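Remarks on the structure that follows.
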Amino acid sequence: MSYEVILGFGLDLIFGDPVKFPHPVKGMGKLINFLEKIVRKTFRNLKIGGVLLASIVIISIYVFTFGIIWFSGEINNYLKFILSGVIIWTTLSIRSLHKEANSVYQALKIEDINLARIQLSKIVGRDTHNLNKTEISRATVETVAENTVDGIISPLFYAFLGGPALSMAFKAVSTLDSMLGYKTTIYKEIGCFSARADDVANFIPARISAFLIPVASWLCGKNGILSWKTILRDGHKNPSPNSGIPEAGFAGALNIQLGGLNYYQGQMSLKPFLGNPNQIIEPEHIRQSIKLMYITSFLMLIIGVFCILAVNSYKNYFR
């Protein structure tokens, strides 16, 4: 299974999100919207309806993907290999995360604050129209850190664990959370299960990142020890059981402080501080966070391939 993951990883590095054919996430989004309308009309208890909605989406995506891979294998093993790699590619966000974060960096570099706010609004849920340069830089670094787990380590973890079908099922969980997993009045009940499912799905990958990010920090010339210490001290402070770990790791590596005051649809939200306020966050920290994301991603790939090869060798030895 490791070769399919390597293929998907390579395709994502080269091409980013596929634009020449419909992205699976768009199909997931349409399915979720369709089922949400049915659930709202059918169920008085939206929490139960939300459980059913999420279960249908996750299971159907897994079964559909598994069926495609199995059928392609019946035709030709090379077709199965290529199709598996392509599917895994669509679950990764390495190049697209680089592209989106770098667009914010480039706008700040030419001192175009309004353009930077617009670019940032494409990758964050917070209000961006009043943010200054430091706040824009902080938001971008936080997004790169969090998505290093959500968009890279987690799908790689599930691809190694269960192939393209399980990786795609994780993508379904992530999409459900991004569409329904809000604490607003509209989504609080129907999206409750989706939000919890996302927390569970990212739980192990986030803790894998606690080891990968300090090593990656050291490899790219940053403070790996401070990254590790910051994770231990601050990684649990975020209300999310997972996002605080990579954000704390990045904060320590870059010797900055993340977290603080944000606004979502005009409502104030104070996030816990992660890291030390030793430096003012600058656009350059965005570029450094992108580099850290890349090295962390490669470490996850290398470790995953090594684990798969070790398991296969162990099985072959005891046959």
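According to our numbering, the sequence shown is numbered sequentially starting from 1190. Yeah, the Cβ is synthetic: ideal placement off N, Cα and C, and Gly gets one too. Since this is a predicted model, take the numbers as computed values, not measurements.
Counting the other CB atoms within 10 Å of its CB gives Ile1299 a total below 16, which places it among the exposed residues.
Between Phe1439 and Val1330 the beta-carbon gap is near 6 Å, inside 8 Å, which marks them as a contact. Between Thr1254 and Ala1354 the beta-carbon gap is near 4 Å, inside 8 Å, which marks them as a contact. According to DSSP, Asn1451 shares a beta bridge with Ser1458. Taking one beta carbon from each stretch, the stretch 1428 to 1444 and the stretch 1384 to 1403 have 3 or more pairs nearer than 8 Å; the two touch. Under the three-state reduction of DSSP output, Gly1493 falls in the helix class. Counting along the chain, the unbroken alpha helix (DSSP H) around Cys1381 starts and ends at 1381 to 1408.
In this structure, Gly1448 keeps its C-beta atom at 8 Å or more from the C-beta atom of Thr1419. Scanning Val1275, Ile1379, Met1357, Ile1283 for the CA closest to the CA of Thr1332 turns up Ile1283.
Across the set His1425, Lys1236, Ser1244, the C-alpha of Ser1244 shows the shortest separation from the C-alpha of Ser1363. In this structure, the CA atom of Asn1234 is about 41 Å from the CA atom of Met1482. For Gln1468, the secondary structure class from DSSP, reduced to helix, strand or coil, is coil. If you ignore the 5 residues before and after Phe1270, its C-beta comes within less than 8 Å of the C-beta of Tyr1192, Glu1193, Leu1196, all in its own chain and listed in chain order.
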